[in-house]
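Heads up, the sequence shown is in UniProt numbering, so the first residue is 1 and it goes up one at a time.
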Amino acid sequence: LAVVNVALVCFVQERGVLGFERHYHVTDPFIRRLGLEAELQGHSGCVNCLEWNEKGDLLASGSDDQHTIVWDPLHHKKLLSMHTGHTANIFSVKFLPHSGDRILITGAADSKVHVHDLTVKETIHMFGDHTNRVKRIATAPMWPNTFWSAAEDGLIRQYDLRENSKRSEVLIDLTEYCGQLVEAKCLTVNPQDNNYLAVGASGPFVRLYDIRMIHNHRKSMKQSPSAGVHTFCDRQKPLPDGAAQYYVAGHLPVKLPDYNNRLRVLVATYVTFSPDGTELLVNMGGEQVYLFDLTYKQRPYTFLLPKKCHTSGEVQNGKTSTNGVSNGIHLHSNGFRLSEGRAHVSPQVELPPYLERIKQQANEAFACQLWTQAIQLYSKAVQKAPNNAMLYGNRAAAYMKRKWDGDHYDALRDCLKAISLNPCHLKAHFRLARCLFELKYVAEALECLDDFKGKFPEQAHSSACDALDRDINAALFSKSDNAEDKKGGGPIRLRATGRKDSISEDEMVLRERSYDYKFRYCGHCNTTTDIKEANFFGSNAQYIVSGSDDGSFFIWEKETTNLVRVLQGDESIVNCLQPHPSYCFLATSGIDPVVRLWNPRPESETLNGRVVIDMEGASQANQRRMNADPLEVMLLNMGYRITGLTSGGAGGSDDEDSSEGQVQCRPS
């Protein structure tokens, strides 16, 4: 009994130490001192994938050279190198859970999945069921002998190593929903509930599946007496109702035609869950990094119009209380979405002195046209004062001025938040109309502008109102004979992309029920490779990290979305970033044939030469890169400077309206 008690005490102490380490292993001072520790050399081609074992004392890598290497990263040693038997680039490598780090799985461009026994350096299983490149492998602790693969044939396959068969079964067939051209690019299993599988594919939608529901559905179909009897009109659903939930950044589907015209491809290149399983992070190729909240879900903010409120003389711009007036938001018959529940108006109390100073700093940055700096300062204040309408309204103005990809949609979200806190926020009402226009919801913008004029008649003939009125009427006139008008043909989010994909009715319904993102992270560029990762960093997911086409990797604060660190991680492109499970330790790789290890450097160490000091300049250059045509991107990769691209906002072809009045431009 004494021995048991001692063992129990040791176990509790060990868990306590581990919990302490994992809680504090990534902190802001450590992030500020993050630098290069070592380069692991051994591959002869691009390193396309990295994977830590559960303990964090082994790191596996896979490469274009068709070899996998297992490293001792803490001592910078190569422990094992073996040819995997693949005949093309390796894209994914995974340790099989509960195998004592003995079993390693690889997926490659030869359409094959191989299983290796590292103790004897042999390939023990080879699966050739996919018909196109295998991009990702996923494993789950609850399923010790099972793993999954995603490939560009549009299939998600499941493997069980206990079965005698050397084949796999199709878990999800995306081609049944999206046509033969769809490609699966990435997948991951929820670490807290292994029944949930997230899948990224071509297009802006990310899919979350309940594996257990899918298996139960197929089991019941096989056991049904009428399973083998079908009439001409029968249609067997491949997935049961409720087994799939889609997520999408609300502005992306409407941008698809424009992106396609510019040969800009949207594809989810990486998906991962937060450590507690409540959030899903997506690196959207051709766009930004998005975080989706799986607990507090929200529909896309496509078009919400506030009801009548007090006269404009009583409350404006979030500066005074609305005396308890509720923000009624009604849904028009055009099918656009409404947030759940009724919003409540919070009294607009004065900001505490330290937040007032931050707001004034943001206003000064805005006045100097330092849009990103203003956004970051407003975001810092919003995190501390989430019920202050003025901060949301001011940040919306900065987003509208910067005009990076997605900025007008974030501005629209901020305007709606400001109005929900103060229904008579004058500037937020007007900016909402302008955002709708910039997002191509022209008829809705006109309705919103008319509503603004009714609420604030003294502003009805301001220069800003007149300018927006002219823009809207000109757009409506030019579209009067256009069959692709936004008001016709059903919800804009479901329009065809121009490719000959056959979208099923079930897919249409799932897309219509999609949920929107919570946070967006900007600054990197993801247009050149389709394996670029974004990951949570820290046991509490305090930071977000992502690779970039400019050879850097970016680190953001999760809650504020502010960029805090940029480091040069590759001579060309950083694709992979895998944080250590319990230390402030990061492994990265890309086009260079090396694995780089990063950790906090001693304060006495000389200046880190890999730190990108001008983070704003790097972010702006990446926005230009994402919006450049393919020839310009090629020239940029060759080192040429492209002229004719402005150094300010690079979020598209929208021109700044020089006649805007103070109702839109000046922060409160």
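Note that the Cβ used here is the ideal one computed from N, Cα and C, for glycine as well.
It should be emphasised that the depicted structure is a prediction, and the values quoted were computed from it without experimental measurement.
| Query | Result |
| --- | --- |
| Among the residues of its own chain, which have a CB less than 7 Å from the CB of LEU510, if the five just before and after it don't count? | ALA244 and TYR246 |
| If you drop the 5 nearest sequence neighbours on each side, which residues of the same chain put their C-beta closer than 6 Å to that of VAL282? | VAL206, ALA268, VAL271 and TYR290 |
| Using 8 Å as the threshold, is the C-beta distance between PHE103 and THR68 below it? | Position check: residue 103 holds Ile in this sequence, whereas Phe was assumed. It is not a contact, given that the beta carbons lie outside the stated cut-off. |
| So, are the CB atoms of LYS135 and MET126 less than 8 Å apart? | no |
| Check HIS116 in the structure and name its three-state DSSP category. | strand |
| List the endpoints of the continuous beta strand (DSSP E) containing GLU444. | No beta strand (DSSP E) holds GLU444; the alpha helix (DSSP H) holding it covers 442–455. |
| With DSSP collapsed to three states, give me the class of ARG513. | coil |
| Could you have a look at VAL271 and say whether DSSP puts it in helix, strand or coil? | strand |
| Could you tell me if CYS525 is buried or exposed, where buried requires 16 or more neighbouring beta carbons within 10 angstroms of its beta carbon? | buried |
| What residue from THR131, GLY100, VAL254 and LEU96 has the CA that sits closest to PRO108's CA? | For the sequence presented, residue 108 should be read as Ala rather than Pro. Measuring from the Cα of ALA108, the nearest candidate turns out to be THR131. |
| With burial defined as no fewer than 16 other Cβ atoms inside 10 Å of the residue's Cβ, what is the status of residue 696: buried or exposed? | Nothing in the structure corresponds to residue 696, since the chain is present only between 1 and 668. |
| Can at least three beta-carbon pairs, one atom from the region 546–556 and one from the region 584–595, be found at a separation below 8 Å? | yes |
| Note the first and the last residue of the continuous alpha helix (DSSP H) segment covering GLN373. | 371–384 |
| Candidates SER63, VAL349 and LEU36: which alpha carbon is nearest HIS76's? | LEU36 |
| Using 8 Å as the threshold, is the C-beta distance between TYR301 and ASP516 below it? | yes |
| Which of the three DSSP states is assigned to THR175 in this structure? | helix |
| Are ASN145 and ASP160 closer than 8 Å when you measure CB to CB? | yes |
| Would you mind working out which of GLY42, VAL70 and GLN66 sits nearest GLU51, comparing C-alpha positions? | VAL70 |
| With a cut-off of 8 Å on the beta carbons, I'd call LEU468 and ARG434 a contact; round off their distance for me. | 6 Å |
| Would you call the CB atoms of ALA385 and ALA418 closer than 8 Å? | no |
| HIS130 lies in the beta strand (DSSP E); which residues open and close that run? | Run containing HIS130: none; DSSP gives neither H nor E here. |
| Is the beta carbon of LEU377 closer than 8 Å to that of ILE358? | yes |
| Determine the direct distance from the alpha carbon of GLY286 to that of ARG264, and round the result to whole angstroms. | 6 Å |
| So, at 6 Å on beta carbons, what are the nonlocal neighbours of ASP72 in its own chain, with the 5 sequence-adjacent residues on each side left out? | LEU79 |
| Under a Cβ-count criterion, where at least 16 other Cβ atoms within 10 Å of its own Cβ denotes burial, should TYR177 be classed as buried or exposed? | buried |
| Tell me the rounded alpha-carbon separation between ASN48 and SER92. | 7 Å |
| Take the Cβ of ASP405 as the centre, count every other Cβ of all protein chains shown within 10 Å, and call the residue buried at 16 or more, exposed below. | buried |
| Grab me the residues of residue 675's own chain with a C-beta within less than 7 Å of its C-beta, minus the 5 sequence neighbours each way, in chain order. | No statement about residue 675 is possible, as the shown extent of the chain runs from 1 to 668 and does not include it. |
| Starting from LEU74, follow the alpha helix (DSSP H) in both directions and report where the run begins and ends. | No alpha helix (DSSP H) contains LEU74, which DSSP labels as neither H nor E. |
| Mapping the DSSP letters down to three states, classify SER619 as helix, strand or coil. | helix |
| Closer than 6 Å by C-beta to VAL248: which residues in its own chain qualify, once you throw out the five before and the five after it? Chain order, please. | PRO204, PHE205 and SER514 |
| With a cut-off of 8 Å on the beta carbons, I'd call LEU150 and VAL115 a contact; round off their distance for me. | For clarity, residue 150 is Ala in the given sequence; the question names Leu instead. Not really, about 17 Å apart at Cβ, beyond 8 Å. |
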